[in-house]
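*Asks:* Next up is a structure, given as structure tokens.
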Amino acid sequence: MALVRLRGPLRTLAGGRPDHQVPGATVGELLRALERAEPAVAGWILDERGLIRRHISVFVGGDPAREATVVGDEDRVDVLPAISGGS
Amino acid sequence: MTELLVGTKKGLFVLEGEPGGAFAVRARAFAGEAVEYAMRDPRSGRVLASVTSGWYGPRIWHTDDPAGEWEQAEGVALPEGGDAALERIWVIVAGEADATLYAGGDPGVLFESRDGGATWALQRTLWDHPTRPDWQPGGGGLCLHSIVPWPGDPDRLALAMSAVGVWLTDDRGRTWRHGNDGIVPRYLPEDAPGDTINLCVHNLHRAPRRPERLFMQFHGGVYRSDDAGATWSDIGAGLPSDFGFPMALDPADPDSAFVIPLRADVDRVTPDGRVRVYETRDAGATWTPRGEGLPAGHAYLTVLRQAFGGAGEGDGLQLYFGATSGALFGSGDAGTSWFTAAEHLPPVFSVRATR
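Line by line, the protein sequences are chains D and V.
Sequential numbering from 27 applies to the first sequence in the numbering used here.
Sequential numbering from 6 applies to the second sequence in the numbering used here.
Now the structure itself:
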């Protein structure tokens, strides 16, 4: 299973642990599985449509990823607040 | 002691003080986050806040002590797997039934809580309304910003949305009807259909001692209804501009309304560089400027939709409003004179007062 790594308030919501091994073949599946395992995270990364929130960045093995990005069992998936500012 | 819950672009500020002097900041919560709206439920004392994280989306939080821990409310979301996401909660209002609260948001959604704000459910008849595909957003989004209960009758409710007009129910939301007759949208062509619902209501209030009377700030126009929102009459004559967002009433006087005009939709600042509240005590027949104590020289403030609130009534009415400049003003004498309650806050989104 891939490893999802969380930071900041997401880590706090997910029981205080940064690393979570969850099943899934794509980033979207992985994040939904994370929500099932850690219900307090629900709605914080994915919106109701199942889309990654606009100012959340997801990386698979260091490369930018979207919902449909394929994930391998050995991959690390980082979920970060995006560098988005100006307001 | 008066408490002000001030939602800002950078957190919730809880201020306390007495009219006439500066208010002290007792607490700041949700630092760095946009707090669209906050209110204290007068029945339970619980404080509820609408917070829109730039990263993690919109939520409602609640607490008994705004300086302490907050708890995330459940159920404030749209159905999963659809083609819409909740953008923002614009307003939270205490309902008439025990422990009932309503929240309105973007995209044109109403939520109801029956347990004092801990859990919420989407109001489905409005969500599933057959006209929804035709709803058009205003500049601030498709926002349901005004929720107006009928004192003593939990079945009756009026809503206003930008830009989808006024909605009325007499059966607690099982059915909805429009309440738009008489509203003239000057931003549409003259030959636009008379029954258009593309109506950009900016604010809606009910006179609690005469609940069939409503006041509305429109996107160009100030209106009054004396038949519970079925029909509307323009009462904007006498104002320097009939464009604006905020509105407040004196609960003791059904002929009263207070507005803060902005120059125009293309120039949303106080007219003539002077900050003035306009008061009517004759249901809109005449308006009186109230500027004593307010900035009067090159003061180009913007006061947003929810940034004007009051506490008390009659001679004891207190009024407070905040600007996007971060200034907060108050009146302890029903708007006759004003004082500066705070300066240098972040841009103010909402102001609600409790005493």
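Where a beta carbon is used, it is the ideal one built from N, C-alpha and C, also for glycine.
All values derive from a computational prediction rather than experimental measurement.
Quick one: which chain D residues come within Cβ less than 7 Å of E85/V?
*Replies:* Within the second sequence, residue 85/V is the residue found at index 80, counting from 1. Here the neighbours are E74.
*Asks:* Could you tell me which chain V residues have their CB closer than 9 Å to the CB of H81/D, listed as they occur along the chain?
*Replies:* Counting from 1 along the first sequence, the entry for residue 81/D is found at position 55. Correct list: S58, G59, W60 and Y61.
*Asks:* My output table needs one value for G98/D: the three-state DSSP class, helix, strand or coil.
*Replies:* Residue mapping note: residue 98/D aligns to position 72 of the first sequence, counting from 1. G98/D: coil per DSSP, three-state reduction.
*Asks:* Could you list which residues in chain V have their beta carbon closer than 7 Å to that of G135/D, in chain order?
*Replies:* There is simply no residue 135/D to check, as chain D begins at 27 and stops at 113 in what is shown.
*Asks:* Hey, could you find the ends of the beta strand (DSSP E) G321/V is sitting in?
*Replies:* Residue numbering aside, residue 321/V sits at position 316 when the second sequence is read from its first letter. Here G321/V belongs to no beta strand (DSSP E), and DSSP marks it neither H nor E.
*Asks:* Comparing C-alpha positions only, which one of E217/V, H207/V, G226/V and F248/V sits nearest to L147/V?
*Replies:* The sequence position of residue 147/V within the second sequence is 142, counting from 1. Ranking the options by Cα distance to L147/V, first place goes to H207/V.
*Asks:* Shortest alpha-carbon distance to T293/V belongs to which of G327/V, W155/V and P245/V?
*Replies:* Numbered from 1 along the second sequence, position 288 holds the residue referred to as residue 293/V. Taking each of G327/V, W155/V and P245/V in turn and checking the Cα distance to T293/V, the smallest one comes out for P245/V.
*Asks:* Of all Cβ atoms in chain D, is any one closer than 8 Å to the Cβ of L91/V?
*Replies:* By 1-based counting over the second sequence, the position of residue 91/V is 86. Taking Cβ atoms only, chain D reaches closer than 8 Å to L91/V, which makes this a yes.
*Asks:* Count the other C-beta atoms from every protein chain shown that fall within 10 angstroms of the C-beta of Y107/V, then say buried if there are 16 or more, exposed otherwise.
*Replies:* In the second sequence, the residue the question calls residue 107/V occupies position 102. With 16 or more Cβ atoms within 10 Å of its Cβ, Y107/V is classed as buried.
*Asks:* Any chance you could list the beta strand (DSSP E) runs of at least 3 consecutive residues sitting entirely within the stretch 266-354 of chain V, in chain order?
*Replies:* 282-285, 293-295, 313-316, 323-327, 333-336 and 344-347
*Asks:* So, is R80/D buried or exposed, given that buried needs 16 or more other C-beta atoms within 10 angstroms?
*Replies:* On the first sequence, position 54 is the one that residue 80/D refers to. Its Cβ having fewer than 16 others within 10 Å, R80/D is exposed.
*Asks:* For the beta strand (DSSP E) holding G145/V, just list the boundary residues, first then last.
*Replies:* Numbered from its first residue, the second sequence carries residue 145/V at position 140. In the DSSP assignment, G145/V falls outside any beta strand (DSSP E), carrying neither H nor E.
*Asks:* Who are the neighbours of D88/V on chain D, taking C-beta pairs under 7 Å?
*Replies:* Translated into the one-based positions of the second sequence, residue 88/V becomes position 83. Near D88/V (Cβ distances below 7 Å), the residues of chain D are R75.
*Asks:* Could you name the residues of chain V that P107/D contacts, counting a contact when the two beta carbons are closer than 7 Å?
*Replies:* As a first step, residue 107/D must be located in the first sequence, where it is residue number 81. Simply W60.
*Asks:* So what does D176/V bridge to, in DSSP terms?
*Replies:* By 1-based counting over the second sequence, the position of residue 176/V is 171. Bridge partners of D176/V: none, in fact.
*Asks:* Can you have a look at M44/V and say buried or exposed, based on whether 16 or more other CB atoms are within 10 angstroms of its CB?
*Replies:* What you label residue 44/V is simply residue 39 of the second sequence in a count that begins at 1. Answer is buried; the Cβ neighbour count reaches 16.
*Asks:* Roughly how far, in whole angstroms, is the beta-carbon of V114/V from the beta-carbon of I152/V, given that I think they are within contact range, below 8 Å?
*Replies:* Along the second sequence, read from residue 1 onward, the residue named residue 114/V stands at position 109. Along the second sequence, read from residue 1 onward, the residue named residue 152/V stands at position 147. Between V114/V and I152/V the beta-carbon gap is near 11 Å, outside 8 Å, which marks them as no contact.
*Asks:* Using only the alpha-carbon positions, how far apart do A91/D and S83/D sit?
*Replies:* For the purposes of this step, residue 91/D is taken as the residue at position 65 of the first sequence. For the purposes of this step, residue 83/D is taken as the residue at position 57 of the first sequence. Computed Cα separation, rounded: 8 Å.
*Asks:* Are the C-beta of A253/V and some C-beta of chain C separated by less than 8 Å?
*Replies:* Absent from the structure: chain C. Protein chains present are D and V.
*Asks:* For T13/V, which residues from the same chain have a beta carbon less than 7 Å from its beta carbon, with the 5 sequence-adjacent residues on both sides left out?
*Replies:* Taking the second sequence and counting its residues from 1, the one referred to as residue 13/V is at position 8. Only V40, L350, P351, P352, V353 and F354 meet the Cβ criterion.
*Asks:* With a 10 Å radius around its C-beta and 16 neighbouring C-beta atoms as the bar for buried, classify P266/V as buried or exposed.
*Replies:* Here residue 266/V refers to the residue found at position 261 of the second sequence. With 16 or more Cβ atoms within 10 Å of its Cβ, P266/V is classed as buried.
*Asks:* Can you give the Cα-Cα distance for G302/V and A29/V, rounded to whole angstroms?
*Replies:* What you label residue 302/V is simply residue 297 of the second sequence in a count that begins at 1. What you label residue 29/V is simply residue 24 of the second sequence in a count that begins at 1. So the alpha carbons of these two residues sit roughly 26 Å apart.
*Asks:* In whole angstroms, give me the CA-to-CA distance for A316/V and R48/V.
*Replies:* Reading the second sequence from its first residue, position 311 is the one you call residue 316/V. Reading the second sequence from its first residue, position 43 is the one you call residue 48/V. Cα atoms of A316/V and R48/V: separation of roughly 15 Å, rounded to the nearest angstrom.
*Asks:* Which class does P259/V belong to by DSSP, given the choice of helix, strand or coil?
*Replies:* Here residue 259/V corresponds to residue number 254 of the second sequence, with the count starting at 1. Coil.
*Asks:* According to DSSP, is E217/V helix, strand or coil?
*Replies:* Residue numbering aside, residue 217/V sits at position 212 when the second sequence is read from its first letter. It is coil, neither helix nor strand.
*Asks:* Hey, how far is the Cα of G5/V from the Cα of F116/V?
*Replies:* Chain V is shown from 6 up to 360; residue 5/V falls before or after that span and cannot be answered.
*Asks:* Considering G62/V, what are the terminal residues of the beta strand (DSSP E) in which it resides?
*Replies:* Taking the first residue of the second sequence as position 1, residue 62/V is located at position 57. Its beta strand (DSSP E) spans residues G62 to T68.
*Asks:* CB D247/V to CB V274/V, shorter than 8 Å?
*Replies:* Along the second sequence, read from residue 1 onward, the residue named residue 247/V stands at position 242. Along the second sequence, read from residue 1 onward, the residue named residue 274/V stands at position 269. It is not a contact, given that the beta carbons lie outside the stated cut-off.
*Asks:* Are the stretch 79-86 of chain V and the stretch 119-128 of chain V touching, with three or more C-beta to C-beta distances below 8 Å?
*Replies:* yes
*Asks:* Is the separation between the beta-carbon of L173/V and that of A163/V shorter than 8 Å?
*Replies:* Residue mapping note: residue 173/V aligns to position 168 of the second sequence, counting from 1. Residue mapping note: residue 163/V aligns to position 158 of the second sequence, counting from 1. Yes, Cβ-Cβ distance for L173/V and A163/V is below 8 Å.
*Asks:* Look at the alpha carbon of A108/D and the alpha carbon of W60/V, and state the distance between them as a whole number of angstroms.
*Replies:* By one-based count along the first sequence, residue 108/D stands at place 82. By one-based count along the second sequence, residue 60/V stands at place 55. Each residue's alpha carbon lies about 7 Å from the other.
*Asks:* Going residue by residue through the stretch 31-85 of chain V, where are the continuous beta strand (DSSP E) segments of at least 3 residues, counting only ones entirely within it?
*Replies:* 39-45, 52-58 and 62-68
*Asks:* Identify every residue that forms a DSSP beta bridge with Q222/V.
*Replies:* Here residue 222/V refers to the residue found at position 217 when the second sequence is read from its first residue. DSSP, once it has assigned bridges, lists N208/V and V227/V as partnering Q222/V.
*Asks:* Am I right that D73/D and A90/V are in contact with their C-beta atoms under 8 Å? What's the rounded C-beta distance?
*Replies:* Mapped onto the first sequence, residue 73/D falls at position 47. Mapped onto the second sequence, residue 90/V falls at position 85. Correct: roughly 4 Å between the Cβ atoms.
*Asks:* Which value, in whole angstroms, describes the spacing of the CA atoms of D232/V and E23/V?
*Replies:* Residue mapping note: residue 232/V aligns to position 227 of the second sequence, counting from 1. Residue mapping note: residue 23/V aligns to position 18 of the second sequence, counting from 1. Distance between the alpha carbons of D232/V and E23/V is about 38 Å.
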